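Undergrad:
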Amino acid sequence: MKLQSALVFLTALSGPALVCARQDPFASPSPSPVAIAIADIAVSTIVPQATVPEQPDQTARANLDNGLAVGNITFQDTRDGLNVSVVINIVDINSGLYEECMNPDRRSFNLTWAVHNGRPAGGEGMDMACEDGQGTPRIEGVYDETLACGPGTAEQANCEALKRTADQGYNYTCDPELYESDPYACEVGDLNGRYGAIKMGVNVEGITASANYSITDLRGPRANLLFDRSVVFSCNQTRIYCEAIDEVRT
Ligand SMILES: *[C@@H]1O[C@H](CO)[C@@H](O)[C@H](O)[C@H]1NC(C)=O
Ligand SMILES: *[C@@H]1O[C@H](CO)[C@@H](O)[C@H](O)[C@H]1NC(C)=O
Ligand SMILES: *[C@@H]1O[C@H](CO)[C@@H](O)[C@H](O)[C@H]1NC(C)=O
Ligand SMILES: *[C@@H]1O[C@H](CO)[C@@H](O)[C@H](O)[C@H]1NC(C)=O
Ligand SMILES: *[C@@H]1O[C@H](CO)[C@@H](O)[C@H](O)[C@H]1NC(C)=O
Ligand SMILES: *[C@@H]1O[C@H](CO)[C@@H](O)[C@H](O)[C@H]1NC(C)=O
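For what it's worth, our numbering labels the leading residue of the sequence shown as 3, then goes sequentially.
1) How would you write the range of the alpha helix (DSSP H) that Tyr197 sits in, first residue to last?
2) Collect the residues with a C-beta less than 5 Å away from any heavy atom of ligand 3 and give them in sequence order along the chain.
3) In terms of residue numbering, what span does the alpha helix (DSSP H) encompassing Leu180 cover?
4) Go ahead and label Gln78 buried or exposed: buried means 16 or more other beta carbons lie within 10 angstroms of its beta carbon, across all protein chains shown.
5) So Gly73 and Ile90 are supposed to be a Cβ contact under 8 Å. How far apart are they, rounded?
6) Indicate, with yes or no, if ligand 6 has a heavy atom lying under 7 Å from the CB of Asn214.
7) On the CB-based measure, 16 or more other CB atoms within 10 Å of its CB, does Pro122 come out buried or exposed?
8) Which same chain residues end up closer than 7 Å to Leu113 when comparing Cβ atoms and leaving out the 5 residues on each side of it in sequence?
9) Looking only at C-alpha atoms, which of Tyr243, Glu249 and Arg251 sits nearest to Met130?
10) Between the alpha carbons of Asp134 and Leu99, how many angstroms are there, rounded?
11) So, using beta-carbon positions, are Val117 and Leu220 closer together than 8 Å?
12) Is it buried or exposed for Tyr215, if we count other Cβ within 10 angstroms and need 16 for buried?
13) Specify, as a first and last residue, the run of the alpha helix (DSSP H) that Cys188 falls within.
14) Look up Ala246 in the DSSP assignment and say whether it is helix, strand or coil.
15) If we call anything under 8 Å between Cβ atoms a contact, is Glu189 one with Thr155?
16) Indicate, with yes or no, if ligand 2 has a heavy atom lying under 7 Å from the CB of Thr210.
17) Would you mind listing the alpha helix (DSSP H) stretches within the region 129-168 that are 4+ residues and don't spill past its ends, in chain order?
18) Going by C-alpha to C-alpha distance, which of Lys165, Asp59, Phe111 and Leu66 sits closest to Ser258?
19) Which residues in the same chain as Gln176 place their Cβ atom closer than 6 Å to its Cβ, once the five residues preceding and following it in sequence are excluded?
20) Run the proximity test for Ala71: is its beta-carbon closer than 7 Å to any non-hydrogen atom belonging to ligand 4?
21) To the nearest angstrom, how far is it from the Cα of Leu180 to the Cα of Ile209?
22) Straight-line CA distance for Asn105 to Val204?
23) Kindly indicate which three-state DSSP category Gln239 falls into: helix, strand or coil?
24) Please look up how many angstroms separate the CB atoms of Ala62 and Ala246, rounded, as I've assumed it's under 8 Å.
25) Tell me whether Pro35 sits in a helix, a strand or coil according to DSSP, three-state version.
26) Would you say Asn74 touches ligand 2, meaning its beta carbon is less than 7 Å from a heavy atom?
What follows is the structure in structure tokens.
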């Protein structure tokens, strides 16, 4: 079924009983928006929410160890939602890579982050190796299963069909406060929008920086949806490094 006809079909029905052909990535589904009308949805796959089987808790992790930074981002299913844990140590803040995201007091800077489709070659990459089109499978835009359609979405064609591009007058807004009330406002992969940037604290000696904290995302995606994608870290929109997200088997 084509996207448009799927949409007409969906909008003719009432919301909450629907799920889409692809899995709804949110742990606790809230009002089913048009955003989960996904291109390849098929009538026969529309089933009541209650029949979606429970999945076991899983863990996904991106290990950062590229000479510029060490640490990890861990996404772990819990009973309450997705636990996102961030541990990052940056080796040299004076490398020039962080100037555009450095706060004026030079005590901290904002590292932005997002989950993208695709993986850098060898599982990790730096600058150009993190651009769209690089890696295997190729790195694309931001993981956006629910078609929230931010400017960097990996779902360009579907977003155009939904008239959700800036050129079509669509205004993507996503910030942690809005996310609380409407998780579908945010791309699944827009970690920056959902949780805020990673605030890297510059250590007293003024050379290294670190972050170590965790977030419980009550509306987060299940960890398995993040397997084989990548976390891309940026400073003021410039991609600095990227790391593949792998399943952690325990
Ligand atoms: C995450 O990174 C920190 C800092 O490098 C390290 O101490 C810790 O063992 C890592 N955790 C895992 C689970 O790999
Ligand atoms: C989240 O994960 C971190 C790191 O594994 C752990 O220290 C923390 O207790 C977890 N938080 C919750 C609420 O499970
Ligand atoms: C961030 O990037 C924009 C556009 O490239 C630039 O205009 C702006 O000055 C940068 N911000 C900082 C803090 O350097
Ligand atoms: C970093 O983030 C904080 C909090 O969102 C913001 O106030 C500040 O302007 C940001 N700094 C830069 C350099 O973008
Ligand atoms: C987009 O939405 C934001 C927040 O709701 C608002 O401040 C801004 O004016 C809107 N921009 C446009 C172009 O409509
Ligand atoms: C992160 O913080 C916890 C306590 O909050 C501490 O036990 C742990 O050693 C820290 N990890 C790193 C890599 O700094």
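A virtual CB, placed ideally from N, CA and C, is assigned to each residue, including glycine. These numbers were taken from a predicted model, which means no experiment stands behind them.
TA: The short version:
1) In the sequence shown, residue 197 corresponds to position 195, counting from 1. Here the alpha helix (DSSP H) through Tyr197 covers Leu193 to Tyr197.
2) Glu102 and Asn238
3) If you number the sequence shown from 1, residue 180 lands on position 178. Where Leu180 is concerned, the enclosing alpha helix (DSSP H) stretches over Pro178 to Ser183.
4) Here residue 78 corresponds to residue number 76 of the sequence shown, with the count starting at 1. Flag for Gln78 reads buried.
5) As a working note, residue 73 is residue 71 in the sequence shown. As a working note, residue 90 is residue 88 in the sequence shown. Yes, Gly73 and Ile90 are in contact; Cβ-Cβ is about 4 Å, under 8 Å.
6) Residue mapping note: residue 214 aligns to position 212 of the sequence shown, counting from 1. Yes - ligand 6 has a heavy atom lying nearer than 7 Å to the Cβ of Asn214.
7) Here residue 122 refers to the residue found at position 120 when the sequence shown is read from its first residue. Looking at its Cβ environment, which holds 16 or more other Cβ atoms inside 10 Å, Pro122 is buried.
8) Counted from its first residue, the sequence shown places residue 113 at position 111. Hits under 7 Å: Cys103, Ala199, Ile200, Met202, Phe235 and Cys237.
9) Counting from 1 along the sequence shown, the entry for residue 130 is found at position 128. For Met130, the nearest C-alpha among the options comes from Tyr243.
10) Mapped onto the sequence shown, residue 134 falls at position 132. Mapped onto the sequence shown, residue 99 falls at position 97. The alpha-carbon atoms of Asp134 and Leu99 are separated by roughly 20 Å.
11) On the sequence shown, position 115 is the one that residue 117 refers to. On the sequence shown, position 218 is the one that residue 220 refers to. Not a contact, by the Cβ cut-off of 8 Å.
12) Locating residue 215 in the sequence shown gives position 213, counting from the first residue. Under this definition Tyr215 is an exposed residue.
13) Translated into positions along the sequence shown, residue 188 becomes position 186. No alpha helix (DSSP H) contains Cys188, which DSSP labels as neither H nor E.
14) Against the sequence shown, residue 246 aligns to sequence position 244. Strand.
15) In the sequence shown, counting from the first residue as 1, residue 189 sits at position 187. In the sequence shown, counting from the first residue as 1, residue 155 sits at position 153. Taking 8 Å as the Cβ cut-off, Glu189 and Thr155 qualify as a contacting pair.
16) If you number the sequence shown from 1, residue 210 lands on position 208. Incorrect: Thr210 has no Cβ contact closer than 7 Å to ligand 2.
17) 158-163
18) Past the boundaries of the shown model lies residue 258; the chain is included only from 3 to 252, so the question cannot be answered.
19) Position 174 of the sequence shown holds residue 176. The sequence given here places Cys at residue 176; Gln does not occur at that position. Ala187, Cys188, Asp192 and Gly195.
20) Taking the first residue of the sequence shown as position 1, residue 71 is located at position 69. No, since every heavy atom of ligand 4 falls outside the 7 Å radius drawn around the Cβ of Ala71.
21) On the sequence shown, position 178 is the one that residue 180 refers to. On the sequence shown, position 207 is the one that residue 209 refers to. If I take the Cα positions, the gap works out to 35 Å.
22) On the sequence shown, position 103 is the one that residue 105 refers to. On the sequence shown, position 202 is the one that residue 204 refers to. The alpha-carbon atoms of Asn105 and Val204 are separated by roughly 10 Å.
23) To locate residue 239, count along the sequence shown from 1; it is residue 237. Coil.
24) In the sequence shown, counting from the first residue as 1, residue 62 sits at position 60. In the sequence shown, counting from the first residue as 1, residue 246 sits at position 244. The Cβ separation is near 10 Å, so there is no contact.
25) Residue mapping note: residue 35 aligns to position 33 of the sequence shown, counting from 1. Residue confidence for Pro35 is low, a pLDDT of 41 falling below 50, so the modelled location carries little weight; the figure read from the coordinates is stated next. Coil.
26) By one-based count along the sequence shown, residue 74 stands at place 72. Result no, Cβ not under 7 Å from ligand 2.
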